[in-house]
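In what follows, a single structure is set out as structure tokens and then discussed.
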Amino acid sequence: MSFSDSPLNLRPRFWGFLASLLLTCATGCATTPYVYQPPLITSPELDFAEEEPQIVRGKPRPVIDGIGWVVGIPGKVLLWDRRIDNHKISPETEAAIADYLEKNGLDQVKVRLNEYDPLGEWRRLRRNKAVGWGWRYTAGTLTALSYTLLPGRIIGGDNYNPFTNTISLYSDHPAVALHEGGHSKDFGTRKWKGTYAVVTAIPGVSLWPEAIATSDALSYLEAEQNYSGEADAYEVLYPAYATYIAGAATPFMPYSDLIIKAGAVIPGHLVGRWKAREVQQEALARKRVTSEIQQVHWEEPASSAAAEGSSDQGEIQQVGGP
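Those letters in the sequence shown? Residues 1 to 322, per UniProt numbering, in order.
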């Protein structure tokens with residue numbers, strides 16, 4: 001690659017492209033009226049056995065998880081959050097994804113919390129007949145091989161695999177978990193899941209499902225009136241989306257990918273924090289209005305009681321007057 005094609009000289013075009021997409025994200029990835037339990041296209045073969053848990057947690061492996069934490073440092077820095085790829089999922093994050101799946105009727109989605117189970121994933125690939133066999137044994141096989149040979153237990157990278165209908169989490173961040181849940185919900189409504197998975201893996205096209213998942217997570221938190229969680233989500237999901245944009249803009253520059261992402265994530269952080277501040281201000285306004293309404297409700301009975309007391313006293317004076 002010549003210097004004229006280097007990432008430094010791509011700045012004018014790239015930043016214009018990034019700014020326009022982030023502006024789109026600020027509206028397109030924002031909260032929208034939320035739809036619980038959309039019609040899903042599923043396969044009975046993926047129903048869980050009576051004693052099979054939907055959410056499983058990997059056993060603590062201090063050495064392996066320590067290596068994974070170090071490997072995940074770039075992600076922590078890019079998103080400016082220690083919880084990214086920390087390989088230690090809290091009960092709060094587990095509860096967040098469990099509630100999300102239950103409220104959206106996603107009862108066939110497997111969730112692996114910092115777990116490495118290649119045999120289990122190969123079995124789910126074989127059983128997931130909601131995806132056509134042609135895609136399962138080609139693209140699906142590649143995803144299973146990647147899971148087997150490049151274990152997320154070390155390299156991290158929260159993800160949803162549509163070929164096995166599995167969410168793998170390595171970050172202790174509820175918004176990240178909900179984002180992956182959004183992917184499972186999106187794919188759950190698609191008839192041609194394999195085709196959708198392959199087409200949306202194309203650079204540039206991949207931004208579409210990422211926007212859907214981001215919007216779903218934010219809208220869900222708003223619908224649940226979890227305003228602190230919504231603000232927290234904006235601060236991590238918008239920078240993350242900026243890295244997706246950078247990845248789509250530089251698919252053939254692997255050595256400069258991290259440099260581009262480092263630059264792209266800055267406006268993502270700015271927009272995300274701006275949106276988070278809006279949510280916090282709106283939450284304070286709602287709290288203030290609620291407090292005022294409650295105060296009025298308390299004052300009205302007191303005023304009525306006082307008026308009744310004055311009326312009764314006047315009647316007594318009239319009866320027992322001179």
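From the three backbone atoms N, C-alpha and C, an ideal C-beta is built for every residue, glycine too. All of these numbers come straight from a predicted model, not from anything done at the bench.
Segment limits, alpha helix (DSSP H) that includes residue i
i, result
"Y244", "227–249"
"I167", "From DSSP, I167 is part of no alpha helix (DSSP H) but of the beta strand (DSSP E) over 166–169."
"Y147", "139–149"
"T93", "91–103"
Cα-Cα separation between residue i and residue j, rounded to whole angstroms
i, j, result
"W133", "G120", "18 Å"
"A242", "G58", "30 Å"
"E92", "W80", "20 Å"
"N9", "E94", "In this predicted model, N9 has a pLDDT of only 44, less than 50, meaning its place in the structure is not dependable; the value taken from the coordinates is given anyway. When rounded, the distance between both Cα atoms is 44 Å."
"L145", "P44", "25 Å"
"I202", "Y244", "12 Å"
"W122", "E50", "20 Å"
"D158", "A96", "15 Å"
"W274", "S90", "27 Å"
"R112", "T143", "16 Å"
"A276", "Y137", "43 Å"
"H87", "V70", "10 Å"
"F187", "R286", "35 Å"
"W192", "P39", "14 Å"
"P322", "W298", "Because P322 sits at a pLDDT of 49, beneath the cut-off of 50, its placement in the model cannot be relied upon, and the point is left open."
"L270", "K261", "14 Å"
"Y34", "E222", "8 Å"
"V279", "G272", "11 Å"
"L258", "S291", "48 Å"
"S228", "G72", "25 Å"
"E282", "E224", "15 Å"
"E52", "R82", "32 Å"
"Q295", "D216", "35 Å"
"P118", "V56", "14 Å"
"Q108", "T141", "20 Å"
"E263", "P60", "Just to set this straight, residue 263 is Gly in the shown sequence, not Glu. Cα-Cα distance, rounded: 35 Å."
Terminal residues of the beta strand (DSSP E) in which residue i lies
i, result
"S219", "From DSSP, S219 is part of no beta strand (DSSP E) but of the alpha helix (DSSP H) over 207–223."
"R57", "55–57"
"R112", "110–113"
"Y34", "Premise fails: Y34 is in no beta strand (DSSP E) and is neither H nor E."
"Y196", "Counting along the chain, Y196 falls outside any beta strand (DSSP E), though it belongs to the alpha helix (DSSP H) covering 193–199."
"Y160", "159–161"
Whole-angstrom C-beta distance between residue j and residue i, which should lie under 8 Å
i, j, result
"I154", "I64", "6 Å"
"N128", "L46", "6 Å"
Short Cβ contact (8 Å threshold) for residue i with residue j
i, j, result
"L78", "V289", "no"
"I41", "T189", "yes"
"N114", "Y170", "yes"
"L284", "A248", "no"
"L106", "S168", "no"
"L237", "G181", "no"
"L125", "T164", "yes"
"P62", "Y116", "no"
"G75", "I67", "no"
"L178", "Y220", "yes"
"Q54", "N104", "no"
"G204", "P239", "no"
"A139", "A197", "yes"
"T166", "K110", "yes"
8 Å Cβ cutoff, residue i in contact with chain D
i, result
"V176", "In the displayed structure, chain D is absent; only one protein chain is listed."
Would you say the segment 228–238 touches the segment 167–181, given that touching needs at least three Cβ pairs under 8 Å? yes
I'd like to know if the segment 203–221 and the segment 131–151 are in contact, where contact means that at least 3 CB-CB pairs between them fall below 8 Å. no
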